[in-house]
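Asker:
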Amino acid sequence: MPELPEVETVVRTLRNHILHEKIHHVQVFWERTVYESETFIQDLTNQHIQDITRRGKYLIFTLDKGFMSVHLRMEGRFYMTPLDEAPKKHTHVVFYLKDQKLEFNDTRKFGRIKYCTEDPVILLTQLGLEPFDECLNPAYLRLKAKNRSIPIKTFLLDQSVIAGIGNIYADEICFLCHLSPLKKVKTLTLKQWQELIDNVRMVLSDAILAGGTTVRSYTSSLGVTGRFQNTLNVYGRASLACVSCTTPLKSIKIGQRTSVYCPACQKG
DNA sequence: AGATCTACCCGCACGC
DNA sequence: TGCGTGCGGGTAGATC
1360 MPELPEVETV VRTLRNHILH EKIHHVQVFW ERTVYESETF IQDLTNQHIQ DITRRGKYLI
1420 FTLDKGFMSV HLRMEGRFYM TPLDEAPKKH THVVFYLKDQ KLEFNDTRKF GRIKYCTEDP
1480 VILLTQLGLE PFDECLNPAY LRLKAKNRSI PIKTFLLDQS VIAGIGNIYA DEICFLCHLS
1540 PLKKVKTLTL KQWQELIDNV RMVLSDAILA GGTTVRSYTS SLGVTGRFQN TLNVYGRASL
1600 ACVSCTTPLK SIKIGQRTSV YCPACQKG
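Structure (structure tokens):
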């Protein structure tokens, strides 16, 4: 499910359910999901979940003696299930808590979980600014975009510039900015960067309020029954009529990722 | 020389 | 049955 609003939704849901709980036992069914799998289980056992936060698309669990970072990648998700219930299909890691268990479930096995003793905020310094960080301003983006010929779509997906935007919201942001996703970033004006920041924040905060976007229908998966898909303007609407001008939306590939936009509205 | 582009990889489900 | 696709991101090697 993984863009910032979906991760934020999962973090909020988990905070409401398992904060301060003790991890009594851990099971790993697919070794490659966890880093340092030899010590992962013993590292986590008997630690308490003191806090759960988000940085970009990463979830960060603060434990007694260290931190656990989780990246959901394409389809990673969490389930909270009764202790006596068998793990679901595609569950690769199980955390046994007091009265329930937390399952990390990932159909495509792309998600990764890592335990470290140092604050991963330091380890994640390669990530750019959070969208709602007040340091995010037109001057910052213009500097990052200086002399660069990459498309705005690619720039928005670059986690070292702004952390948390993925393929859905990048397309939506370009649409709201009336900018072609192919627009070269070095050509944007300060005014356009400000509009972009405004739209980044608007789209992401609206999506968080809606509980994120659920593209496929997942059954009872934790915190991903989003409703934002109902308000998408371009993502997934290739060849359908533009909501603004009825021109058929166009679909192209930018950096190996599908990009949908209105050739009439997004000429900037 | 450094920035950028392209292909490809990773497991798997789904639709055609 | 087979093929293309995907809410992510890393890498290697080619190319600008």
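In our numbering, the protein residues as written are 1360 to 1627. Just so you know, even glycine gets a beta-carbon here, dropped at the ideal spot from N, CA and C.
(1) Taking only three categories from DSSP, how would you classify Pro1510?
(2) Answer with buried or exposed for Ser1428, where buried requires no fewer than 16 other C-beta atoms within 10 angstroms of its C-beta.
(3) Between which two residues does the beta strand (DSSP E) containing Val1429 stretch?
(4) Report the partner residues of Asp1410 according to the DSSP bridge assignment.
(5) Determine the direct distance from the alpha carbon of Ile1527 to that of Asn1558, and round the result to whole angstroms.
(6) Going by alpha carbons, who is nearest to Gly1425 out of Asp1478, Arg1413, Glu1390 and Thr1606?
(7) Looking at the unbroken beta strand (DSSP E) that takes in Thr1617, where does it start and where does it end?
(8) By how many angstroms is the C-alpha of Asp1465 removed from the C-alpha of Thr1578?
(9) Taking Cβ to Cβ, would you say Ile1411 is nearer than 8 Å to Leu1378?
(10) Kindly indicate the opening and closing residues of the alpha helix (DSSP H) around Val1369.
(11) With a threshold of 16 other CB atoms inside 10 Å of the CB of Leu1535, please say whether the residue is buried or exposed.
(12) Is it the case that the Cβ atoms of Val1393 and Ile1472 are separated by a distance below 8 Å?
(13) His1451: buried (16+ other C-beta within 10 angstroms of its C-beta) or exposed?
(14) Residues bridged to Val1600 by DSSP?
(15) Taking Leu1516 as the reference, give the member of Lys1505, Leu1486 and Met1439 with the closest Cα.
(16) Classify Leu1321: buried if its beta carbon has 16 or more other beta carbons within 10 angstroms, exposed otherwise.
(17) Quick one: which unbroken beta strand (DSSP E) runs of 3-plus residues sit fully inside the region 1440-1508? Chain order, please.
(18) My guess is that Phe1437 and Leu1502 are in contact by the Cβ rule of under 8 Å, so how many angstroms apart are they, rounded?
(19) Using CA atoms only, rank isn't needed, just tell me which of Phe1463, Asp1423 and Glu1493 is closest to Val1385.
(20) Helix, strand or coil for Lys1550 per DSSP?
(21) Could you check how far apart the C-beta atoms of Leu1456 and Ile1382 are, in whole angstroms? I think they sit under 8 Å.
(22) Within 10 Å of its beta-carbon, does Ala1445 have 16 or more other beta-carbons around it, so buried, or fewer, so exposed?
(23) Measure from the alpha carbon of Leu1422 to the alpha carbon of each residue in Gln1553, Asp1565 and Asp1402, then state which is nearest.
(24) Quick one, which of Thr1617, Leu1591 and Cys1475 has its alpha-carbon nearest Glu1395's?
(25) Starting from Gln1386, trace the beta strand (DSSP E) both ways and give me its first and last residue.
(26) Roughly how many angstroms separate the alpha carbons of Thr1546 and Ile1611, rounded to a whole number?
(27) Which residue from Ile1419, Gly1585, Ala1498 and Leu1563 puts its Cα closest to that of Leu1549?
(28) Does DSSP put Val1593 in a helix, in a strand, or in coil?
Answerer: Looking at the atomic coordinates:
(1) strand
(2) With 16 or more other Cβ atoms within 10 Å, it is buried.
(3) Phe1426 to His1430
(4) DSSP output for Asp1410 lists Thr1421 as bridge partner(s).
(5) 14 Å
(6) Asp1478
(7) Arg1616 to Tyr1620
(8) Per-residue confidence for Thr1578 stands at a pLDDT of 41, beneath the threshold of 50, marking its modelled position as unreliable; no derived number is given.
(9) yes
(10) Where Val1369 is concerned, the enclosing alpha helix (DSSP H) stretches over Leu1363 to Ile1377.
(11) buried
(12) Going by C-beta atoms, Val1393 is nearer than 8 Å to Ile1472.
(13) So His1451 ends up on the buried side.
(14) Sequence inspection shows Ala at residue 1600; the Val mentioned does not correspond to that position. Beta-bridge pairing links Ala1600 to Pro1607.
(15) Leu1486
(16) Because the chain is modelled from 1360 through 1627, residue 1321 falls outside the range shown and cannot be assessed.
(17) Listed in chain order, the complete beta strand (DSSP E) runs (minimum 3 residues) inside the region 1440-1508 are 1450-1455, 1459-1465 and 1471-1475.
(18) Contact doesn't hold; Cβ gap of about 37 Å is too wide.
(19) Phe1463
(20) If DSSP states are grouped into helix, strand and coil, Lys1550 belongs with the helices.
(21) Yes, they are in contact, since the Cβ atoms of Leu1456 and Ile1382 sit about 7 Å apart, within 8 Å.
(22) exposed
(23) Looking at the Cα atoms, Asp1402 is the closest of the given residues.
(24) Cys1475
(25) His1384 to Val1387
(26) 21 Å
(27) When the alpha-carbon of Leu1549 is set against those of Ile1419, Gly1585, Ala1498 and Leu1563, the nearest one is in Ala1498.
(28) coil
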